Amino acid sequence: MTSEDENNSDGNSASSVDAPFSILYHDTATDFQIERHTQSTSPPLFRVVAGDPVTLALAYAASDSEASEAIGGARIRVPFICSAHDRRPGGNWRGELSGYEGRLCRRSNLSIMLSTPPPDMRDTSHYPIPSTGGILSDPVVVHRGPYDEYDTVGEWPDLPVVSVTPGRLPRVRENGTMYLSRMEKLRMTEKISGALRICLYHDYDRVVVGDFGLGNGCRNPPEELAGIWRDLLLFDPDLRGQFVYVVFAFEDPGQSTTQCIWEEETRKRLRGAEGLTYGMPTQSTPSISNMPPAELSPVPSSAPTDMAIFQSIFDPNEIELVIQRRSHVVE
Numbered sequence: 133m134t135s136e137d138e139n140n141s142d143g144n145s146a147s148s149v150d151a152p153f154s155i156l157y158h159d160t161a162t163d164f165q166i167e168r169h170t171q172s173t174s175p176p177l178f179r180v181v182a183g184d185p186v187t188l189a190l191a192y193a194a195s196d197s198e199a200s201e202a203i204g205g206a207r208i209r210v211p212f213i214c215s216a217h218d219r220r221p222g223g224n225w226r227g228e229l230s231g232y233e234g235r236l237c238r239r240s241n242l243s244i245m246l247s248t249p250p251p252d253m254r255d256t257s258h259y260p261i262p263s264t265g266g267i268l269s270d271p272v273v274v275h276r277g278p279y280d281e282y283d284t285v286g287e288w289p290d291l292p293v294v295s296v297t298p299g300r301l302p303r304v305r306e307n308g309t310m311y312l313s314r315m316e317k318l319r320m321t322e323k324i325s326g327a328l329r330i331c332l333y334h335d336y337d338r339v340v341v342g343d344f345g346l347g348n349g350c351r352n353p354p355e356e357l358a359g360i361w362r363d364l365l366l367f368d369p370d371l372r373g374q375f376v377y378v379v380f381a382f383e384d385p386g387q388s389t390t391q392c393i394w395e396e397e398t399r400k401r402l403r404g405a406e407g408l409t410y411g412m413p414t415q416s417t418p419s420i421s422n423m424p425p426a427e428l429s430p431v432p433s434s435a436p437t438d439m440a441i442f443q444s445i446f447d448p449n450e451i452e453l454v455i456q457r458r459s460h461v462v463e
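Structure follows, in structure tokens:
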């Protein structure tokens, strides 16, 4: 029996094995097969909320477990899909500049889990994470609260964490709403599909997602990114109908990746214009790369937030329209 089978043999958790380790899937499209647990093709319940993703995943799991156990059912666990650093566990998580994965490492055992392959593996490290791969860490034990205070948690809850590297800094069209390259969109689709497949392979039918692929460090176009999640969950043969709910949790509800894209595109144009002028910038003329956003003109200031875009894409009426349009095309 392989390490994957051993971890999957206890229903819906890899945490039945005492020794803490994580599992790397090199290619989530071919390393395992997804079984259908339902013939339903109904869409999951989509929630778009503000808050700390891990705190929310733990809260949803506790609420669902209480309801399940009240009728004699099992404990429910809700995985978190996390943007991963491709070269080392948690990236620079001990430093000040770290993303959500790094901050989660400070409040949990995630870094230890990511650093520990199964004992029967010949490889001593999961890194670098393959572009088509992902890591399941289960259980990740959370002993502190969110990063603003890192308060100690009384009881130490745990959850599964699926770590996948998002596409970073893709080429986009000038308005920031679409990928310029079809291949970059396809690669991002494969990454998202892979993360969801890992969840289903381990029998998790509900999931919380953070700002995967968003923010200034990744700058994927949020409208198309939301559309990728939606279309996979509604129409992919392996995924459709298999999830009870999917929660998109925005730690910073005011974040606007579109604004980040616009500002970067403006910097590029200004650099080009600067290169056409004679002479070098004087001390009184700051470098374009050091200009604060307020001085980058003309950059529109009305870019929608990522959360607002996801709320629009996953509005129940919009979901129904998308399903109806697809059914008409099939007919």
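Position in the sequence shown (first residue = 1) + 132 = our numbering. We put the CB at the ideal spot given by N, CA and C, even for glycine. In this text the structure is predicted, and so the values were computed from the model without any measurement.
Buried versus exposed, by CB contacts within 10 Å (16 or more), residue i
{"i": "S325", "result": "buried"}
{"i": "H258", "result": "buried"}
{"i": "P448", "result": "exposed"}
{"i": "E201", "result": "exposed"}
{"i": "Q456", "result": "exposed"}
{"i": "R209", "result": "buried"}
{"i": "A189", "result": "buried"}
{"i": "K400", "result": "exposed"}
{"i": "W288", "result": "exposed"}
{"i": "S243", "result": "buried"}
{"i": "T256", "result": "exposed"}
{"i": "N241", "result": "buried"}
{"i": "V304", "result": "buried"}
{"i": "L312", "result": "exposed"}
{"i": "R254", "result": "exposed"}
{"i": "T389", "result": "buried"}
{"i": "A435", "result": "buried"}
{"i": "R458", "result": "exposed"}
Straight-line Cα distance separating residue j from residue i
{"i": "D403", "j": "G234", "result": "The question names Asp, but residue 403 is Arg in the sequence shown. Distance between the alpha carbons of R403 and G234: 32 Å."}
{"i": "F212", "j": "T398", "result": "35 Å"}
{"i": "Q387", "j": "S444", "result": "16 Å"}
{"i": "I203", "j": "S197", "result": "10 Å"}
{"i": "G205", "j": "D290", "result": "19 Å"}
{"i": "F153", "j": "T173", "result": "34 Å"}
{"i": "E167", "j": "G277", "result": "36 Å"}
{"i": "F344", "j": "S215", "result": "5 Å"}
{"i": "L301", "j": "P251", "result": "36 Å"}
{"i": "G286", "j": "A194", "result": "15 Å"}
{"i": "V273", "j": "E395", "result": "38 Å"}
{"i": "D363", "j": "G342", "result": "18 Å"}
{"i": "T81", "j": "E450", "result": "The structure shown does not extend to residue 81, since the chain is modelled only from 133 to 463, so the question has no answer here."}
{"i": "K323", "j": "T264", "result": "6 Å"}
{"i": "Q171", "j": "H334", "result": "18 Å"}
{"i": "A358", "j": "F178", "result": "12 Å"}
{"i": "L441", "j": "I155", "result": "One point to set straight first is that residue 441 is Ile, not Leu, in the sequence displayed. Roughly 33 Å between the two C-alpha positions."}
{"i": "P262", "j": "H158", "result": "6 Å"}
{"i": "P175", "j": "D370", "result": "13 Å"}
{"i": "C350", "j": "I393", "result": "10 Å"}
{"i": "R329", "j": "N307", "result": "32 Å"}
{"i": "N348", "j": "Q391", "result": "9 Å"}
{"i": "F375", "j": "T248", "result": "29 Å"}
{"i": "H130", "j": "R239", "result": "Since the displayed the chain opens at 133 and closes at 463, residue 130 lies outside it and no answer follows."}
{"i": "P271", "j": "V340", "result": "16 Å"}
{"i": "L236", "j": "Y279", "result": "8 Å"}
{"i": "D218", "j": "A327", "result": "15 Å"}
{"i": "A191", "j": "P260", "result": "32 Å"}
{"i": "F164", "j": "G266", "result": "12 Å"}
{"i": "R372", "j": "I360", "result": "13 Å"}
{"i": "H460", "j": "Y377", "result": "25 Å"}
{"i": "G183", "j": "R220", "result": "26 Å"}
{"i": "R338", "j": "G299", "result": "23 Å"}
Supposed close pair residue i, residue j - CB separation, criterion 8 Å
{"i": "M310", "j": "E356", "result": "6 Å"}
{"i": "T437", "j": "P385", "result": "6 Å"}
{"i": "S269", "j": "V293", "result": "5 Å"}
{"i": "V186", "j": "V379", "result": "Between V379 and V186 the Cβ distance is about 12 Å, and since that is not below 8 Å, they are no contact."}
{"i": "L246", "j": "G222", "result": "7 Å"}
{"i": "M320", "j": "F382", "result": "The Cβ separation is near 19 Å, so there is no contact."}
{"i": "V454", "j": "L366", "result": "7 Å"}
Delimiting residues of the beta strand (DSSP E) encompassing residue i
{"i": "Y377", "result": "377-382"}
{"i": "V210", "result": "It is not in any beta strand (DSSP E) - V210 carries neither H nor E in the DSSP assignment."}
{"i": "V341", "result": "338-341"}
The ligand SAH heavy atom lying under 7 Å from the CB of residue i
{"i": "G204", "result": "As far as ligands go, the structure on display features none, and thus does not contain the ligand SAH."}
Bounding residues of the alpha helix (DSSP H) (the contiguous stretch that carries residue i)
{"i": "I441", "result": "438-445"}
{"i": "L357", "result": "354-367"}
{"i": "Y192", "result": "185-202"}
{"i": "R329", "result": "314-333"}
Handout entry: Contained beta strand (DSSP E) runs [length at least 3] in the stretch 215-292, N- to C-terminal order
Key = With a minimum length of 3 residues, the continuous beta strand (DSSP E) runs that stay inside the stretch 215-292 are 266-273.
Exercise for the section: Counting only runs of 3+ residues fully inside the stretch 152-179, write out the beta strand (DSSP E) ranges in chain order. Expected result: DSSP runs (the beta strand (DSSP E)) wholly in the stretch 152-179: 154-157.
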